[in-house]
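Novice:
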Amino acid sequence: MPVHNPEIAETFNKYADLLEIDGANQFRVRAYRTAGRTILDLSQNLYDMVKEGKDLSELPGIGKDLANKIIEMVRTGRLSQMEELKKTVPIELLDMMDIADLGPKRIARLHQELGISTIKELEASAREKKIRELPGYGEKIEQAILDDITRKGKARGSKERLKLSAVESATESLLSYLRKIKGVKKVTAAGSYRRRMETVGDVDILVTHTGDSDVMERFVKYEDVDRIIAKGETKSTVVLRFGLQVDLRAVSGESYGAALHYFTGSKAHNIAIRQMGVKKNLKINEYGVFKGKKRIAGKTEEEVYEQVGLPYIEPELREQRGEIEAAREGRLPRLIEIRKIRGDLHSHTNNTEGRNSIEEMAEAAQKKGYEYLAITDHSKRLSMTHGLDEKRLEEQIEEIDRLNRKLKDFTLLKGIEVDILEDGSLDLNNSVLKKLDLLVCSVHHKFNLSQKKQTERIIRAIESSPVFTILGHPTGRIIGEREPYDVNMEQLMKVARDRNCALELNAQPERLDLNDIYCKMAKDMGVMIVISTDAHSTAGLDLMRFGIYQARRGWLESNNVLNSRNGKELQELLKK
DNA sequence: GCCGTTTTCGGCCCGACTGTTTTCAGTCG
Numbered sequence: 408m409p410v411h412n413p414e415i416a417e418t419f420n421k422y423a424d425l426l427e428i429d430g431a432n433q434f435r436v437r438a439y440r441t442a443g444r445t446i447l448d449l450s451q452n453l454y455d456m457v458k459e460g461k462d463l464s465e466l467p468g469i470g471k472d473l474a475n476k477i478i479e480m481v482r483t484g485r486l487s488q489m490e491e492l493k494k495t496v497p498i499e500l501l502d503m504m505d506i507a508d509l510g511p512k513r514i515a516r517l518h519q520e521l522g523i524s525t526i527k528e529l530e531a532s533a534r535e536k537k538i539r540e541l542p543g544y545g546e547k548i549e550q551a552i553l554d555d556i557t558r559k560g561k562a563r564g565s566k567e568r569l570k571l572s573a574v575e576s577a578t579e580s581l582l583s584y585l586r587k588i589k590g591v592k593k594v595t596a597a598g599s600y601r602r603r604m605e606t607v608g609d610v611d612i613l614v615t616h617t618g619d620s621d622v623m624e625r626f627v628k629y630e631d632v633d634r635i636i637a638k639g640e641t642k643s644t645v646v647l648r649f650g651l652q653v654d655l656r657a658v659s660g661e662s663y664g665a666a667l668h669y670f671t672g673s674k675a676h677n678i679a680i681r682q683m684g685v686k687k688n689l690k691i692n693e694y695g696v697f698k699g700k701k702r703i704a705g706k707t708e709e710e711v712y713e714q715v716g717l718p719y720i721e722p723e724l725r726e727q728r729g730e731i732e733a734a735r736e737g738r739l740p741r742l743i744e745i746r747k748i749r750g751d752l753h754s755h756t757n758n759t760e761g762r763n764s765i766e767e768m769a770e771a772a773q774k775k776g777y778e779y780l781a782i783t784d785h786s787k788r789l790s791m792t793h794g795l796d797e798k799r800l801e802e803q804i805e806e807i808d809r810l811n812r813k814l815k816d817f818t819l820l821k822g823i824e825v826d827i828l829e830d831g832s833l834d835l836n837n838s839v840l841k842k843l844d845l846l847v848c849s850v851h852h853k854f855n856l857s858q859k860k861q862t863e864r865i866i867r868a869i870e871s872s873p874v875f876t877i878l879g880h881p882t883g884r885i886i887g888e889r890e891p892y893d894v895n896m897e898q899l900m901k902v903a904r905d906r907n908c909a910l911e912l913n914a915q916p917e918r919l920d921l922n923d924i925y926c927k928m929a930k931d932m933g934v935m936i937v938i939s940t941d942a943h944s945t946a947g948l949d950l951m952r953f954g955i956y957q958a959r960r961g962w963l964e965s966n967n968v969l970n971s972r973n974g975k976e977l978q979e980l981l982k983k
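Right under this line is the structure:
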């Protein structure tokens with residue numbers, strides 16, 4: 408079984424943690440983490456790259472040494488150096504890294520002085536009040552450790568990242584609460600929330616205010632606050648009732664842009680920008696851009712970028728995935744905006760598992776200003792959704808034709824979300840499929856085929872489809888619940904490009920499939936993307952914004968997105 | 001361990017808050 412990129416990245420990260428506890432050089436530790444990051448951002452499989460003999464040391468942050476370690480992991484599935492280190496630094500110590508206030512230094516001390524290796528032993532020592540005896544420790548840290556162990560015992564995985572959609576409403580309510588406080592001027596959510604990442608670990612909020620406002624006081628007294636982790640003049644941290652951590656930072660108007668840039672991240676992007684600053688003899692922090700002691704910029708983000716010779720970079724691009732080089736060379740993308748979307752190409756009705764009728768869906772889409780909506784109910788294999796067989800699909804086609812004669816300036820497209828069976832054939836006969844405008848072809852079962860079989864299965868479906876084809880949620884992943892199935896995406900995209908098949912970016916917040924990295928890959932390879940809501944009700948059509956966020960993170964411009972075309976252009980493309 | 005628009009050796013991003021201290025280490029982002 409080939410090793411996957413995330414496993415290699417994970418091994419590097421674990422090794423970095425162990426090294427840190429072992430007291431290794433911090434820059435060596437950082438090198439492993441940087442490499443882990445690079446690997447996670449890779450669109451290509453390291454396994455394939457090694458097989459093809461590609462030079463891994465050309466990847467950023469990966470030199471000769473780490474390249475060889477990757478090759479070892481691909482070939483043997485393990486890292487011998489890791490096994491060595493584990494002999495002196497027990498791997499169980501890493502579990503303690505999740506405990507609040509415990510980091511590598513304190514864990515090393517607990518291990519050396521008290522012989523603690525597991526969370527169980529840690530808890531016992533804390534209860535026996537042994538930890539407070541150690542130099543640098545005290546009662547409060549001991550208690551904080553105990554509290555955190557108890558809390559985590561109750562709610563395992565409470566530190567998990569939450570889906571963007573899940574934090575959106577809580578964050579927006581908090582923002583409007585803060586905006587109403589007297590003396591508060593600007594309030595902005597920064598961090599991964601502003602970069603529109605599919606999941607958010609915590610929310611960073613930035614405020615500017617007149618010096619005499621009591622914004623920090625009011626923040627920690629917000630009704631949804633469960634506990635306060637820190638409270639200071641310029642920075643406070645709380646945890647809200649459903650587990651979301653929120654940081655609030657207060658800065659002066661002079662520093663607003665620098666702070667916004669700083670707290671928006673990503674960390675990797677910020678580091679790269681600050682390094683560019685260092686080369687120009689500038690110090691960049693959250694208060695501004697400084698030449699010696701003199702602040703020369705910081706009021707807006709544009710000013711900060713200008714100082715390092717770059718144009719403004721959109722938050723969604725700030726991931727250190729080539730955006731700085733693109734900015735320098737004047738080839739930043741003009742990211743797609745939601746107002747460019749002219750229709751939705753994946754929706755369900757109450758003929759299968761949807762809630763609303765075709766007519767209601769059409770009305771809702773029209774109300775959004777769309778020119779078209781594709782009705783794509785499930786096919787018969789998905790019996791639990793009461794999927795359509797050939798006869799019922801024929802009836803639906805007739806119903807849509809009838810409705811289209813009534814509709815003005817709006818077209819219902821006839822489609823189906825047809826199951827791709829295990830052998831790559833489609834779930835319905837071609838005789839009825841060819842009467843449709845388009846197919847959304849999706850995999851809904853047999854997720855665990857080998858990469859080769861899964862890829863061949865999907866390619867066969869694309870090649871045998873009698874009309875325009877969209878590959879629905881192309882990796883099948885459900886965020887936090889189901890891993891993507893194993894496909895050779897490069898091969899798939901090549902076929903899609905050559906056969907004029909589009910790949911879907913499914914806007915359901917738990918799917919967002921394709922992910923950002925694959926969106927960029929599709930763009931680079933010239934594959935058309937469709938952003939679809941997969942709506943199961945009229946309200947579901949509103950999920951489009953999540954698809955747009957992901958598309959922007961994937962560098963997509965409106966000309967990369969099929970449903971930014973108007974009705975006429977689309978109809979012509981579908982006929983090809 | 002990586003990397004080079006001052007460099008193949010000597011650098012490697014920056015600051016707030018807390019707890020334990022009496023000037024700072026550790027954690028966190």
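Each residue of the first sequence is one higher than the last, beginning at 408 in the working numbering. The beta carbon of each residue, even a glycine, is placed where N, CA and C say it ideally should be. Just so you know, these numbers come straight off a predicted model, no measurement behind them.
Distance, Cα to Cα, T445 vs E732?
Specialist: 16 Å
Novice: Among the candidates V711, R437, E427, whose CA atom is the shortest distance from the CA of L473?
Specialist: Proximity to L473 across V711, R437, E427 peaks at R437, based on C-alpha coordinates.
Novice: Whole angstroms is fine: what's the gap from L492's alpha carbon to G543's?
Specialist: 27 Å
Novice: For the putative contact between N970 and V937, defined by C-beta atoms under 8 Å, what is the C-beta separation to the nearest angstrom?
Specialist: So it is a contact: roughly 6 Å between Cβ atoms.
Novice: Mark G639 as exposed unless 16 or more other C-beta atoms lie within 10 angstroms of its C-beta, in which case mark it buried.
Specialist: exposed
Novice: Can you tell me the Cα-Cα spacing of T495 and G430, whole angstroms?
Specialist: 12 Å
Novice: Identify the continuous beta strand (DSSP E) that holds N922 and give its terminal residues.
Specialist: Per DSSP, N922 belongs to no beta strand (DSSP E) and is neither H nor E.
Novice: Measuring straight from C-alpha to C-alpha, what distance separates S524 and L500?
Specialist: Going by the C-alpha atoms only, they are around 5 Å apart.
Novice: Suppose only complete runs of 4+ residues qualify. What are the alpha helix (DSSP H) ranges in the segment 573 to 627, listed by chain order?
Specialist: 598 to 601, 622 to 627
Novice: Restricting to runs no shorter than 3 residues, where is the beta strand (DSSP E) found entirely within the segment 641 to 680?
Specialist: 642 to 647, 652 to 658
Novice: So H373 and E911 are in contact, right, with Cβ under 8 Å, and what is the actual spacing, rounded?
Specialist: A question about residue 373 goes unanswered here, because the residues of the chain that appear run from 408 up to 983.
Novice: What is the DSSP secondary structure of Y629, reduced to helix, strand or coil?
Specialist: coil
Novice: Can you give the Cα-Cα distance for T644 and S580, rounded to whole angstroms?
Specialist: 17 Å
Novice: According to DSSP, simplified to helix, strand and coil, what is D826?
Specialist: Correct three-state label for D826: strand.
Novice: I want to know whether the segment 848 to 857 touches the segment 890 to 897 - three or more CB-CB distances under 8 Å.
Specialist: Contact between the segment 848 to 857 and the segment 890 to 897 is present, because at least three Cβ pairs lie under 8 Å.
Novice: What would DSSP say about T441, mapped onto helix, strand or coil?
Specialist: helix
Novice: F649: which of K674, T945, L569, K421 sits nearest, CA to CA?
Specialist: L569
Novice: Return the Cβ separation of D611 and A596 in integer angstroms, given the expectation that the two are a contact with Cβ distance under 8 Å.
Specialist: 7 Å
Novice: Comparing alpha-carbon positions, which option in G776, V653, L789, K927 lies nearest V614?
Specialist: V653
Novice: Between the segment 546 to 555 and the segment 455 to 469, do at least 3 Cβ pairs fall closer than 8 Å?
Specialist: no
Novice: State the DSSP-derived secondary structure class of G750, mapped to helix, strand or coil.
Specialist: Judged by DSSP in its simplified three-state form, G750 adopts strand.
Novice: Who pairs with F875 in a beta bridge, going by DSSP?
Specialist: L845
Novice: Could you work out which residue in S450, I703, F419, A657 is closest to M900 when comparing CA atoms only?
Specialist: S450
Novice: What residues in its chain sit with their C-beta under 6 Å from that of R959, if we drop five residues either side in the sequence?
Specialist: E723, L742
Novice: Just verifying my parser: in three-state terms, what is the DSSP assignment at R735?
Specialist: When secondary structure is reduced to three states using DSSP, R735 falls in the helix class.
Novice: How do the segment 774 to 792 and the segment 746 to 760 stand: do at least 3 beta-carbon pairs fall below 8 Å, yes or no?
Specialist: yes
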